[in-house]
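Residue numbers (my numbering), protein chains in the order written: chain D, 7 to 350; chain L, 7 to 350.
The beta carbon of each residue, even a glycine, is placed where N, CA and C say it ideally should be.
Owing to the predicted nature of the structure, the values given are computational and were not obtained by experimental measurement.
Worksheet for the structure shown next.
Protein chains: 2
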Amino acid sequence: MRIAQVAPLYVPVPPPEYGGTERIVHTLTQELVKRGHEVTLFASGGSKTSAELERSSPKPLWESGGNPDTWHAIEVEQLARRSSEFDIIHSHLDVLPWLGGDRYEAPLVTTMHGRLDQPEQRKLLAEFNHWPLVSISDAQRKPVEDLDLKWAATVYHGLDLARMYQAGDGSGGYLAFVSRLSPEKGPDLAIKVAQKAGMKIVVAGPVPEQNSDYFEKEVKPLLDHPDVEFIGELDDAGKNEVMGKAAGFLVPIQWDEPFGLAFIEALATGTPVISCRRGSLPELLEDGRHGFLVDSDEDALVDACRKLPSIDRDECRKYVLDRFSPGRMAEGYELVYQRLIAQD
Amino acid sequence: MRIAQVAPLYVPVPPPEYGGTERIVHTLTQELVKRGHEVTLFASGGSKTSAELERSSPKPLWESGGNPDTWHAIEVEQLARRSSEFDIIHSHLDVLPWLGGDRYEAPLVTTMHGRLDQPEQRKLLAEFNHWPLVSISDAQRKPVEDLDLKWAATVYHGLDLARMYQAGDGSGGYLAFVSRLSPEKGPDLAIKVAQKAGMKIVVAGPVPEQNSDYFEKEVKPLLDHPDVEFIGELDDAGKNEVMGKAAGFLVPIQWDEPFGLAFIEALATGTPVISCRRGSLPELLEDGRHGFLVDSDEDALVDACRKLPSIDRDECRKYVLDRFSPGRMAEGYELVYQRLIAQD
């Protein structure tokens with residue numbers, strides 16, 4: 007197939023550090039090329055890909071400080087002009103390409119990468135409800151399930167986990183909280199649970215600016231304790247080590263996360279997950295087999311910590327390497343593309 | 007004619023205070039209705055108009071904190087769906103409607119309201135060079151005059167100046183600087199010139215956040231002087247009084263302002279203007295007749311202050327009331343609309 011992949015321009019593809027969406031677009035693009043497709047990637051300058059690269063901005067916008075509206079509009083215009091060269095257009099940009107109406111000469115499908123539980127997103131989807139969409143989990147659709155939308159499929163993210171993460175042995179025996187220190191990730195609850203369970207906890211992650219008040223009031227007072235180690239933000243190597251040596255990965259989410267990438271990464275190091283039964287989590291892992299999904303309740307979480315030794319670490323890694331592989335993701339999208347082309 | 011006016015959604019039409027673009031859209035819309043056209047105004051909730059109002063967002067975005075991309079996309083989609091109801095579409099939104107390509111069933115013309123001297127705007131216009139544009143002054147086009155663009159006309163802004171501003175008598179005898187206190191407006195130069203000319207100066211206007219350093223270093227030290235009165239930001243009544251009692255309106259611009267609305271307003275109170283000969287100013291007023299446009303040079307500006315008594319205040323007011331009237335502006339746009347409809 008001749009496939010256009012349309013990425014946001016904020017960071018290059020692949021991203022040097024953050025940039026969840028751009029990393030997924032990169033993994034998908036590389037895999038589709040490997041599978042013999044002719045792929046054109048619309049992305050910022052500085053991107054590296056085995057597909058044909060259409061540089062829609064000379065530099066990534068985080069670097070140039072460029073106006074996102076201006077450059078994404080230019081990207082969409084370039085896409086529209088070249089649309090007859092493709093069999094399918096796969097956009098990761100949300101609304102902007104939808105303004106083109108019927109000007110594309112190939113079907114256009116959009117992966118929704120964010121949460122859909124805000125009134126504005128609801129209104130937007132209701133207004134543009136004729137565009138085919140892909141969800142990144144079934145749970146992501148829940149807040150808008152009463153709307154008549156054209157969901158083509160759920161396709162779970164895939165990453166090259168085998169290369170990115172080594173199997174760890176859990177020899178540190180501690181719990182690991184590796185995530186943003188935001189209320190919706192529950193770092194305060196995690197620390198309290200660890201102490202009640204009588205376990206050490208290693209806390210790692212950035213404090214987002216908008217959460218500095220929360221951090222000062224709710225988290226910082228808990229950090230001054232011999233069994234709590236706060237180590238700030240980690241790079242990839244650091245995450246690998248801290249997660250791999252943990253007995254359990256404890257991030258008790260307090261929101262309906264549409265796709266919990268961090269949980270997949272922890273499992274790739276062999277470390278079982280403890281979290282709350284909400285959002286995409288019940289789709290991403292099996293309770294009792296790859297960790298424990300419980301109510302957001304201190305006692306239930308403490309109880310889960312005690313049961314960690316019953317989980318087979320090899321099975322955790324094996325499971326995510328297979329289920330969230332680039333190949334699985336690409337297969338999912340190939341089916342979506344084929345169906346939309348057939349309907350066109 | 008059946009005309010669509012498409013306004014930004016940040017503030018209502020007309021705006022309660024700021025919002026240059028929305029005020030112009032309001033004036034134009036009211037005048038076109040008065041002239042017998044069937045006008046539909048796409049604008050935020052809270053707008054008041056004698057045209058048919060299509061509320062593209064329930065509230066103005068400055069009030070709701072809504073995402074501008076989301077709501078302007080919804081506005082453009084509503085416009086596209088209704089486009090067969092119009093003979094002409096007049097947009098004040100820049101790029102977003104251009105993404106619709108050929109999906110509009112009426113010609114679409116865009117008034118460019120801002121400066122065009124930044125590299126990003128250049129790139130944007132080059133990419134979308136098939137869309138007809140209206141400039142708000144000939145000077146505005148200058149930075150992109152080498153590009154092959156479809157300029158349909160220059161149409162100067164019109165305002166209901168007769169109702170908004172009373173004739174003042176200049177009895178205060180001072181110079182007035184009424185503008186943002188930003189380097190490109192030259193407040194420091196204005197104060198120095200007033201002192202050299204031996205005249206009192208009244209300084210009024212907000213200090214934009216991004217100019218607070220400039221204000222502290224370059225302007226504040228000059229304010230502590232018996233002949234300098236700094237009175238902060240003014241409402242409409244205050245502007246009327248401060249400008250009307252001034253002997254001269256001294257805002258020595260240090261940039262190529264595409265349309266100097268404040269100068270027109272000062273002239274409407276009868277007060278002659280002193281500024282630098284650049285940007286749109288030579289198009290907006292006549293040197294020696296409505297004030298003085300000189301080089302950005304202290305001595306030249308001081309010299310102009312001394313010549314203020316030679317200017318006829320009645321003539322200043324009469325001139326702008328006629329030249330920048332709602333009727334003149336509407337006539338200009340009617341010609342543009344007719345020409346584009348004929349070409350379509």
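Applying a beta-carbon distance threshold of less than 7 Å, which residues of chain L neighbour residue i?
i: R109 of chain D; result: G107, D108, R109
i: T160 of chain D; result: Under the 7 Å cutoff, chain L gives no residues; its nearest Cβ is about 24 Å from T160 of chain D.
Kindly indicate which three-state DSSP category residue i falls into: helix, strand or coil?
i: F221 of chain L; result: helix
i: A306 of chain D; result: helix
i: R295 of chain D; result: coil
i: F248 of chain L; result: Correcting the residue type first, residue 248 of chain L is Val in the shown sequence and not Phe. The answer is helix: DSSP assigns V248 of chain L an H, G or I state.
i: G254 of chain D; result: strand
i: Q344 of chain D; result: helix
i: K206 of chain D; result: coil
i: L15 of chain L; result: coil
i: I317 of chain L; result: coil
i: I280 of chain L; result: strand
i: K156 of chain L; result: strand
i: F269 of chain D; result: helix
i: R323 of chain L; result: helix
i: E111 of chain D; result: coil
i: S97 of chain L; result: strand
i: L67 of chain L; result: helix
i: V300 of chain D; result: strand
i: L122 of chain D; result: coil
i: L167 of chain D; result: helix
i: L105 of chain L; result: helix
i: S50 of chain D; result: strand
i: P193 of chain L; result: helix
So residue i packs on residue j, CB below 8 Å; how close in whole Å?
i: I197 of chain D; j: L228 of chain D; result: 4 Å
i: L290 of chain L; j: I270 of chain L; result: 7 Å
i: M249 of chain D; j: A182 of chain D; result: 6 Å
i: P103 of chain D; j: L130 of chain D; result: With 8 Å as the limit, P103 of chain D and L130 of chain D do not qualify as a contact, their Cβ atoms being about 13 Å apart.
i: G106 of chain D; j: L153 of chain L; result: Not quite, the Cβ-Cβ distance comes to about 24 Å (not below 8 Å), so this is no contact.
i: G333 of chain L; j: E37 of chain L; result: 6 Å
i: S281 of chain D; j: L267 of chain D; result: Actually they are not in contact, since the Cβ atoms of S281 of chain D and L267 of chain D sit about 13 Å apart, beyond 8 Å.
i: F73 of chain D; j: E126 of chain L; result: Contrary to the premise, residue 73 of chain D reads as Asn rather than Phe in this sequence. About 6 Å; that satisfies the 8 Å criterion.
i: T277 of chain D; j: G294 of chain D; result: With 8 Å as the limit, T277 of chain D and G294 of chain D do not qualify as a contact, their Cβ atoms being about 16 Å apart.
i: L114 of chain L; j: W77 of chain L; result: In fact, because the Cβ distance is near 19 Å, the residues do not count as touching under 8 Å.
Is it true that the CB of residue j sits closer than 8 Å to the CB of residue i?
i: T160 of chain D; j: S141 of chain D; result: yes
i: H98 of chain D; j: V31 of chain D; result: yes
i: H119 of chain D; j: T35 of chain D; result: no
i: D23 of chain D; j: E83 of chain L; result: Checking the sequence, you will find Glu at residue 23 of chain D rather than Asp. No, the pair does not count as a contact, with Cβ atoms beyond the cut-off.
i: S56 of chain D; j: G164 of chain D; result: no
i: V17 of chain D; j: E81 of chain D; result: no
i: E111 of chain L; j: S89 of chain L; result: yes
i: V326 of chain D; j: L273 of chain D; result: yes
i: V209 of chain L; j: E235 of chain L; result: yes
i: G285 of chain L; j: E304 of chain L; result: no
i: T33 of chain D; j: D166 of chain D; result: yes
i: E44 of chain D; j: I9 of chain D; result: yes
i: G178 of chain D; j: K251 of chain D; result: yes
i: R329 of chain D; j: A173 of chain D; result: no
i: L67 of chain L; j: L15 of chain L; result: yes
i: M7 of chain D; j: Y343 of chain D; result: yes
Using the beta-carbon of each residue, which ones in chain D are nearer than 7 Å to residue i?
i: N73 of chain L; result: E126
i: T27 of chain L; result: By Cβ distance, chain D contributes nothing, its closest Cβ being about 16 Å from T27 of chain L, past 7 Å.
Evaluate residue i with the Cβ neighbour count: other Cβ atoms within 10 Å of its Cβ, from every protein chain shown; 16 or more gives buried, anything less gives exposed.
i: K54 of chain D; result: exposed
i: K245 of chain L; result: buried
i: N135 of chain L; result: exposed
i: K223 of chain L; result: exposed
i: K156 of chain L; result: exposed
i: P232 of chain D; result: exposed
i: Q146 of chain D; result: buried
i: L187 of chain L; result: buried
Starting from the beta carbon of residue i, find every residue of chain L whose beta carbon is closer than 9 Å, and list them in chain order.
i: I80 of chain D; result: V101, K129, L130, E133, F134
Under 8 Å between beta-carbons, which chain L residues line up against residue i? List them in chain order, please.
i: A86 of chain D; result: L105, G107
i: E83 of chain D; result: W104, L105, E133, F134
i: T117 of chain D; result: Under the 8 Å cutoff, chain L gives no residues; its nearest Cβ is about 17 Å from T117 of chain D.
i: T55 of chain D; result: Here the premise fails: no neighbours, minimum Cβ distance about 23 Å.
Name, please, each residue of chain D whose Cβ falls closer than 9 Å to the Cβ of residue i.
i: E215 of chain L; result: Near E215 of chain L there are no residues of chain D at all, since even the closest Cβ is about 17 Å away, more than 9 Å.
i: T33 of chain L; result: The contacting residues do not exist; T33 of chain L stays about 26 Å from chain D at best.
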